[in-house]
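Notes to accompany the following structure.
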Amino acid sequence: MDNRIKNAIESALTRQLFTHQAEPADLQVSYHFTQQEKANNSSFSIGLGGAKMVGNGRAGIGLSTSIPIDSDATIITKIFIDISHNNTAIWHGTDTYEGKGDMSYQDKEDAITTTVNRLLANFPPTKNK
Numbered sequence: 001m002d003n004r005i006k007n008a009i010e011s012a013l014t015r016q017l018f019t020h021q022a023e024p025a026d027l028q029v030s031y032h033f034t035q036q037e038k039a040n041n042s043s044f045s046i047g048l049g050g051a052k053m054v055g056n057g058r059a060g061i062g063l064s065t066s067i068p069i070d071s072d073a074t075i076i077t078k079i080f081i082d083i084s085h086n087n088t089a090i091w092h093g094t095d096t097y098e099g100k101g102d103m104s105y106q107d108k109e110d111a112i113t114t115t116v117n118r119l120l121a122n123f124p125p126t127k128n129k
């Protein structure tokens, strides 16, 4: 995942005519990502219950189960990109994409590229006149 994000950032910035170079560079780009599983509320529930009253005592029994309809978890990936100049932050962007845990390699690659491109479409920042 890490290399895919790095490659997508490098490609997007190259298309904007920025060139990659080792130190000393005019801009420093850092990035990280987080992933979490999205709660899936799609389920089918079965509940059984009953009670029996005997004299002054009461007895009850209950049974409940939940069966998920979609067993493929949805993963939310959040990508953060920070760009600085001389150790001073000049731009920060964050965006997310959602995908199933069983996404193909190419689908993940496409989702990362689309997300990074959408993010970096706002870089460089425009000057207010």
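The sequence shown begins at 1 in UniProt numbering and counts up one residue at a time.
For each residue, glycine too, the CB sits at the ideal point set by N, CA and C.
Would you say residue i and residue j are within 8 angstroms of each other, going by their C-beta atoms?
i, j, result
"Thr126", "Asp95", "no"
"Ile81", "Leu119", "yes"
"Thr74", "Lys100", "yes"
Could you compute how far the alpha carbon of residue i sits from the alpha carbon of residue j?
i, j, result
"Glu84", "Ile90", "Residue identity check: residue 84 is Ser in the sequence provided, not Glu. Near 5 angstroms, if we compare the C-alpha coordinates of Ile90 and Ser84."
"Ala22", "Ser30", "14 angstroms"
"Asn87", "Pro24", "12 angstroms"
"Gln106", "Ile79", "18 angstroms"
"Asn3", "Phe33", "12 angstroms"
"Ala12", "Ile76", "22 angstroms"
With H, G and I counted as helix, E and B as strand and the rest as coil, what does DSSP make of residue i?
i, result
"Thr77", "strand"
"Lys127", "coil"
"Gln28", "strand"
"Ala22", "coil"
"residue 133", "Coverage of the chain is limited to positions 1 through 129, which leaves residue 133 absent and any answer about it impossible."
Which residues in the same chain have their Cβ closer than 6 angstroms to the Cβ of residue i, if we skip the five residues on either side of it in sequence?
i, result
"Met1", "none"
"Thr113", "Ala8"
Can you give me the Cβ contacts of residue i inside the same chain, cut-off strictly under 7 angstroms, excluding the 5 residues immediately before and after it?
i, result
"Gly122", "According to the sequence as given, residue 122 is Asn; it is not Gly. Within the same chain, Asn122 has close Cβ partners Gly93."
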